[in-house]
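A.B. asks: Encoded as C-alpha cells, here's the structure I'll be asking about.
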Amino acid sequence: MTDPPPRRRFGAGVVDALPLWLGVVPFGVVYAVVGRRAGLSAWEIQVMSLLVYAGGAQFTAVRLLAQGAPRSVLVVATALINLRHVLYGLSLAQPLREARPGLRGVVAFFLVDESYGLGTRAYLDGRGSVAYLLGAGISLYVAWNVGTALGAVVTAAVPDPRSAGLDLVFPLTFAALLAPLLRGPANRQAAAASFLAALVSVPRLPGGAGFVVATVLGMLCGLRAHD
Amino acid sequence: MTETIVAMAVATYLTRLVGLLGAPIRGGWAVRALALVPVAAFAALTASSLELRTDTWFRWLVVGVGGWLSWRGVPVWACVGGGIALYVIGGPLFR
Numbered sequence: 059m060t061d062p063p064p065r066r067r068f069g070a071g072v073v074d075a076l077p078l079w080l081g082v083v084p085f086g087v088v089y090a091v092v093g094r095r096a097g098l099s100a101w102e103i104q105v106m107s108l109l110v111y112a113g114g115a116q117f118t119a120v121r122l123l124a125q126g127a128p129r130s131v132l133v134v135a136t137a138l139i140n141l142r143h144v145l146y147g148l149s150l151a152q153p154l155r156e157a158r159p160g161l162r163g164v165v166a167f168f169l170v171d172e173s174y175g176l177g178t179r180a181y182l183d184g185r186g187s188v189a190y191l192l193g194a195g196i197s198l199y200v201a202w203n204v205g206t207a208l209g210a211v212v213t214a215a216v217p218d219p220r221s222a223g224l225d226l227v228f229p230l231t232f233a234a235l236l237a238p239l240l241r242g243p244a245n246r247q248a249a250a251a252s253f254l255a256a257l258v259s260v261p262r263l264p265g266g267a268g269f270v271v272a273t274v275l276g277m278l279c280g281l282r283a284h285d
Numbered sequence: 522m523t524e525t526i527v528a529m530a531v532a533t534y535l536t537r538l539v540g541l542l543g544a545p546i547r548g549g550w551a552v553r554a555l556a557l558v559p560v561a562a563f564a565a566l567t568a569s570s571l572e573l574r575t576d577t578w579f580r581w582l583v584v585g586v587g588g589w590l591s592w593r594g595v596p597v598w599a600c601v602g603g604g605i606a607l608y609v610i611g612g613p614l615f616r
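Protein chains in written order, with the working numbering: chain U, 59 to 285; chain E, 522 to 616.
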C-alpha cells in the first residue's frame, strides 16, 4: 500500500484537530476579553495571538500586565512557561530527522501541547508526518486566532467556558491520547508518576515549572522500570 | 507594547525550535527517556487540568470515562464529544 500524499496527511491533521476547536475558540475569546480588561488594544491582543500563539503564556502575560508587572517579566515568564516545548522538540527530533531545517522551523512555530499530542500519537500509530503535524498545528492556530478576534470585538460580558465544561476538552483530549499508550510497565510507571507529580507540583510551582518537573520525574520513573 | 509582544514571540519560538533543530539524540538511556516524553507529558497535561478537591469528582469521572473509551479503541474526537456530552447531561444531576 502506498503512503498517502502530504496533502491528504495535512488534511488529516486539520480534521483531527477540529474537536479541539470546541475548547480552543472559547478560550481565545476569554483571553481577548481578559486582555482588553488589562488595557491592551484589540490590535495588540490579536498580534499577540498571531505571533506568540501560546495560550498559557498569553493568559499569564495579560494577568501580569493587569497587575502592573514590568514588561521584561512578561518575556521571562513566557520563556519559563514554554520550557516544556524543549522536551517536545527533543522527542520529535528523531521522527523529523529527514525534514529540511527550514521545514522544521515552520513546524516549530505551530508546535503547541495539542498539536504535539495529536502529532506524536499519529507517529506512534504509523501515520505521522511533517504534513500531519503542520495540519494539526495550523488548524489550532486558526481556532485560537478566530477565538481571539471574536473576543476582541465582543463588548457584552462573556461567560466563563469552564461553567459549560468546555475546559474539559483539554484533559479529555490528553487522557484519550494517553490511554492507548498505557501498555508495558515503563509507560505505566511514567504516566502514574507524572500524573501524581503534576497534581501536586502544577498548582504550587510558578510558570511552567510544575509541568516540567512532573514530566521529567515521570520519565525517570519510567526509565527505572526499563532497567 | 509591540516590542514586548515580539520578544515574547521570539522567546516562545526559541523554546519550540531548540529541541527540533538539534541532532537526534542517539544511544541508550537518552533514547529510552525521550520515548517516554509523550506518555509522561500527556499524563501531566491531563492532571494539570484537574484539581484535588472532593467537589470536582464528576470532572474526574468524565475524564476517566474519556480515557477508558480511548483504551477501548474509540477515536479521540468521539472520546472528547462523549465526555462533554456526559458532563452536560450528567452535570445538573451530579455536580
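Cβ coordinates follow ideal geometry from the N, Cα and C atoms, glycine included.
Assess, as a yes-or-no matter, whether the segment 198-211 of chain U is touched by the segment 566-579 of chain E under the definition of 3 or more beta carbon pairs within less than 8 angstroms.
C.D. replies: No: fewer than three Cβ pairs fall under 8 angstroms.
A.B. asks: Could you please give the first and the last residue of the uninterrupted alpha helix (DSSP H) stretch that includes U/L191?
C.D. replies: Per DSSP, U/L191 belongs to the alpha helix (DSSP H) from V188 to V211.
A.B. asks: Does any residue of chain E bring its CB to less than 7 angstroms from the CB of U/A100?
C.D. replies: No, U/A100 lies away from the interface with chain E (no Cβ there is under 7 angstroms from its Cβ).
A.B. asks: Please list, in chain order, the residues of the segment 211-235 of chain U that have any C-beta partner in chain E closer than 8 angstroms.
C.D. replies: Of all residues in the segment 211-235 of chain U, A222, G223, L224, D225, L226, V227, F228, P229, L230, T231, F232, A233, A234 and L235 have a Cβ within less than 8 angstroms of some Cβ in chain E.
A.B. asks: Measuring alpha carbon to alpha carbon, tell me which residue in U/R129, U/G195, U/G205 and U/L108 is nearest U/T178.
C.D. replies: Selected option, being the one with the closest Cα: U/G195.
A.B. asks: Mapping the DSSP letters down to three states, classify U/R158 as helix, strand or coil.
C.D. replies: U/R158: coil per DSSP, three-state reduction.
A.B. asks: Do we get a CB-CB distance below 7 angstroms when we pair E/I610 with the residues of chain U?
C.D. replies: Judged by the 7 angstroms Cβ criterion, E/I610 is not in contact with chain U.
A.B. asks: Leaving aside the five residues before and after U/S187 along the sequence, list all residues of the same chain whose C-beta is less than 6 angstroms from its C-beta, in chain order.
C.D. replies: Only R67 meet the Cβ criterion.
A.B. asks: What are the residues in the segment 548-579 of chain E lying within 7 angstroms of chain U by C-beta distance?
C.D. replies: The segment 548-579 of chain E vs chain U, Cβ under 7 angstroms: W550, R553, A554, L555, L557, V558, P559, V560, A561, A562, F563, A564, A565, L566, T567, A568, S569, S570, L571 and L573.
A.B. asks: Figure out for me which residue from E/A564, E/A532, E/E524 and E/G540 has the closest Cα to the Cα of U/Q152.
C.D. replies: Out of E/A564, E/A532, E/E524 and E/G540, E/G540 has the C-alpha closest to the C-alpha of U/Q152.
A.B. asks: Under a CB-based cut-off of 7 angstroms, is U/G126 close to chain E?
C.D. replies: Not closer than 7 angstroms to any Cβ of chain E, the Cβ of U/G126 fails to qualify, so no.
A.B. asks: How should U/P219 be labelled, buried or exposed, when 16 other C-beta atoms within 10 angstroms of its C-beta is the threshold for buried?
C.D. replies: So U/P219 ends up on the buried side.
A.B. asks: Could you tell me whether the Cβ atoms of E/A532 and U/A137 are closer together than 7 angstroms?
C.D. replies: Their beta carbons are under 7 angstroms apart, which means E/A532 touches U/A137 by this criterion.
A.B. asks: Apart from the five residues on each side of it in sequence, which residues of its chain come closer than 6 angstroms, Cβ to Cβ, to U/G276?
C.D. replies: Around U/G276: A248, A251 and S252.
A.B. asks: Quick check: what's the CA-CA separation for E/L607 versus U/N140?
C.D. replies: Straight-line Cα distance between these residues: approximately 32 angstroms.
A.B. asks: Over what stretch of residues does the alpha helix (DSSP H) that includes U/E102 continue unbroken?
C.D. replies: Per DSSP, U/E102 belongs to the alpha helix (DSSP H) from A100 to L109.
A.B. asks: Which of the three DSSP states, helix, strand or coil, is assigned to U/Q247?
C.D. replies: Three-state DSSP puts U/Q247 in a helix.
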